[in-house]
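**Q** The opening position of the sequence shown corresponds to residue 3 in my numbering, with each subsequent residue numbered one higher.
Ideal placement from N, C-alpha and C gives every residue a C-beta, glycine not left out.
The structure displayed is predicted, hence computed values, not measured ones.
What follows is a single structure, and I will ask about it in a moment.
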Amino acid sequence: MDTVLLITILVVIGALAFDFINGFHDTANAIATSVSTKALTPRRAIILAAVMNFVGAMTFTGVAKTITKDIVDPFTLPNGSVVILAALVAAIAWNLITWYYGIPSSSSHAIIGSIAGAAIAAAGFEALHYSGFLKIIYGLLLSPILAFIVGFIFYNVIKMIFKNTNLTKTNNGFRKVQVATAALQAYSHGTNDAQKAMGIITMALIANGYTDSTDIQLWVQISCALAMGLGTSVGGWKIIKTVGGKIMKIRPVNGVSADLTGASVIFGASFLGIPVSTTHVITSSILGVGASHRLKGVKWGTAKTMVITWFITLPISATLAALSYLVLNLIF
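Now the structure itself:
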């Protein structure tokens with residue numbers, strides 16, 4: 003087997019592994035609120051999330067195309083296949099570390115930082131497409147802020163509408179609605195997060211001469227969607243506990259508000275082809291709803307820990323990717 007084919011196979015396997023890990027790492031994004039309010043049992047929530055993640059992954063390809071061409075140019079990137087493999091190794095390593103410690107970090111930050119770090123190690127800072135790269139960074143930074151604001155406003159509107167309603171009856175009603183909003187959130191997760199691995203595989207196909215188009219091939223889309231769905235079915239219990247209970251005490255009305263907020267922001271990003279961190283968006287939605295409900299009810303210490311992790315993910319994953327590239331370059 004020649005080296006080019008071997009690296010391509012390794013990249014495909016690595017990208018599917020990344021999607022699988024992303025699935026169980028980010029399962030909490032879609033179902034933590036519905037599990038914590040007992041709107042769904044953990045088993046049913048995970049099955050629902052797995053199915054809707056798959057459907058969402060099959061619906062959009064705009065984010066995948068952004069990953070393929072907006073960070074670096076796969077047509078001209080020196081030693082591009084090794085760069086991509088190194089990025090995957092680093093992103094997977096960081097995802098597993100944060101999953102092990104139950105920290106809801108961003109898979110999006112990890113893979114984007116890793117691509118940038120490996121590309122810089124291979125060809126210097128001029129390898130980056132700064133306009134496209136900065137667009138992605140702006141999306142990653144602004145989307146959680148937007149989610150916090152929308153969540154804050156949305157919950158205030160809900161409080162006004164239902165201010166004279168019996169609390170118990172309202173919560174029971176919202177608990178039923180939450181099944182639908184959890185499904186919507188899982189679907190939106192698939193429209194954005196599963197796209198990253200599709201873009202990675204397409205980059206490798208271009209770099210190794212197997213395609214000359216940035217269009218996402220059907221087999222790539224199906225395999226990534228399956229990997230995401232299967233990963234989701236495994237579940238990520240440590241992160242579910244953090245997102246579902248350590249930020250604030252979530253009631254059904256809070257959960258519905260956060261789910262709808264997160265899904266709307268993610269859908270908007272997917273429609274525009276902008277990769278965002280579903281972890282950031284959904285966690286910020288919960289924080290916004292919590293701040294609107296009762297400022298003192300939000301456990302800001304947990305939020306602070308997550309924000310620190312968000313900010314260190316890009317530089318750490320970039321550094322890991324650069325080191326991985328140096329090692330892999332010696333092997334291949």
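Assign Val283 to one of three DSSP states: helix, strand, or coil.
**A** Within the sequence shown, residue 283 is the residue found at index 281, counting from 1. In this structure, Val283 counts as helix in the three-state DSSP scheme.
**Q** Checking 7 angstroms against the spacing of the C-beta atoms, do Gln187 and Ala293 come in under that value?
**A** As a first step, residue 187 is located in the sequence shown; it is residue number 185 there, counting from the start. As a first step, residue 293 is located in the sequence shown; it is residue number 291 there, counting from the start. Against a cut-off of 7 angstroms, the Cβ pair of Ala293 and Gln187 comes out as no contact.
**Q** Cα separation between Asp72 and Trp312?
**A** Within the sequence shown, numbered from 1, the residue matching residue 72 stands at position 70. Within the sequence shown, numbered from 1, the residue matching residue 312 stands at position 310. Whole-angstrom Cα-Cα distance: 22 angstroms.
**Q** Smallest Cα separation from Lys171: which of Val255, Pro76 and Ile99?
**A** Translated into the one-based positions of the sequence shown, residue 171 becomes position 169. The shortest Cα separation from Lys171 among Val255, Pro76 and Ile99 belongs to Val255.
**Q** Along the chain, where does the alpha helix (DSSP H) that runs through Gln219 open and close?
**A** Here residue 219 refers to the residue found at position 217 of the sequence shown. Taken as a continuous stretch (DSSP letters only), Gln219 belongs to no alpha helix (DSSP H), as it is neither H nor E.
**Q** Would the segment 178 to 185 count as touching the segment 314 to 322 if we require 3 or more Cβ pairs under 8 angstroms?
**A** Touching, no, given that fewer than three Cβ pairs across the two stretches are closer than 8 angstroms.
**Q** For Ala66 and Gly233, which I take to be in contact (beta-carbon distance under 8 angstroms), what is that distance rounded to the nearest angstrom?
**A** Here residue 66 refers to the residue found at position 64 of the sequence shown. Here residue 233 refers to the residue found at position 231 of the sequence shown. Contact doesn't hold; Cβ gap of about 17 angstroms is too wide.
**Q** Short of 7 angstroms in beta carbon distance, which residues of its chain neighbour His295, apart from the five on each side in sequence? Order them along the chain.
**A** In the sequence shown, residue 295 corresponds to position 293, counting from 1. The residues are Tyr157 and Asn256.
**Q** Could you name the residues of the same chain whose beta carbon sits closer than 8 angstroms to that of Ser272, not counting the 5 residues immediately before and after it, in chain order?
**A** Against the sequence shown, residue 272 aligns to sequence position 270. Around Ser272: Phe62, Gly64, Val65, Ser190, Thr193, Asn194 and Gln197.
**Q** Quick check on Leu42: does DSSP put it in helix, strand or coil?
**A** Along the sequence shown, one-based indexing puts residue 42 at 40. The answer is coil: DSSP assigns Leu42 none of H, G, I, E or B.
**Q** Are Ser326 and Ala88 closer than 7 angstroms when you measure CB to CB?
**A** On the sequence shown, position 324 is the one that residue 326 refers to. On the sequence shown, position 86 is the one that residue 88 refers to. Yes, the pair counts as a contact, with Cβ atoms nearer than the cut-off.
**Q** Is the segment 74 to 81 in contact with the segment 118 to 136, if contact means three or more CB pairs nearer than 8 angstroms?
**A** Yes, the segment 74 to 81 is in contact with the segment 118 to 136.
**Q** Pick out whichever of Ser235, Ser215 and Val91 has its Cα sitting closest to the Cα of Thr68.
**A** As a working note, residue 68 is residue 66 in the sequence shown. The residue with the shortest Cα to Cα distance from Thr68 is Ser215.
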